[in-house]
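Residues in the sequence shown are numbered consecutively from 63, following this note's numbering.
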Amino acid sequence: MLQKLNYTVSADVININIEGLKQHFETICVFDSNYKENQKKYLHTSKLIAIGSNQEINITTLANGLEQLQEFYDKRKGWLFGYLTYDIKNTIEHLNSENADGLGFPLIYFFA
63 MLQKLNYTVS
73 ADVININIEG
83 LKQHFETICV
93 FDSNYKENQK
103 KYLHTSKLIA
113 IGSNQEINIT
123 TLANGLEQLQ
133 EFYDKRKGWL
143 FGYLTYDIKN
153 TIEHLNSENA
163 DGLGFPLIYF
173 FA
């Protein structure tokens, strides 16, 4: 069941124990707007955290990857968290790169 929690944001620094969260949840995504570095002009909050998932899409080949992501979204019509890797550019534009992939992340990964 989707649950939204709201917390009062203060100017104090908030430390997040990612290792502690990893003990309880397999999927964690932290978005940090780097509030201090962007000179407080773009976002009014500094962190958004998504914890736990009930569905995910993990795409490792470029063929139809964006279409698969669209289908995944269309079935849910709600929040998705994740990423598109740099090499997706090869699908969107007529570009190609053959750089070594030292991490082996999926090309597209999103979760609900």
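Using N, Cα and C, we set each Cβ at its ideal position, and we do this for glycine too.
Alpha-carbon to alpha-carbon, residue j and residue i
i    : j    : result
T123 : F167 : 11 Å
H86  : G114 : 9 Å
L165 : N77  : 27 Å
H156 : D163 : 20 Å
I80  : G144 : 17 Å
F172 : N161 : 23 Å
V92  : E129 : 25 Å
G82  : I121 : 28 Å
D136 : Y148 : 24 Å
Cβ-Cβ distance between residue i and residue j below 7 Å
i    : j    : result
L186 : I170 : Within the shown structure, residues of the chain are numbered from 63 to 174, placing residue 186 beyond reach of any answer.
A112 : R138 : no
I150 : F134 : no
K84  : D94  : no
Helix, strand or coil at residue i [DSSP, three-state]
i    : result
E160 : coil
N120 : strand
I111 : strand
L165 : coil
I78  : coil
L146 : strand
F87  : coil
Chain C contact for residue i (CB, 7 Å cutoff)
i    : result
G114 : In the structure shown, chain C does not exist; there is a single protein chain.
Identity of the residue in the options nearest residue i by Cα
i    : options          : result
N116 : G127, K109, T89  : T89
N152 : N126, G144, D136 : N126
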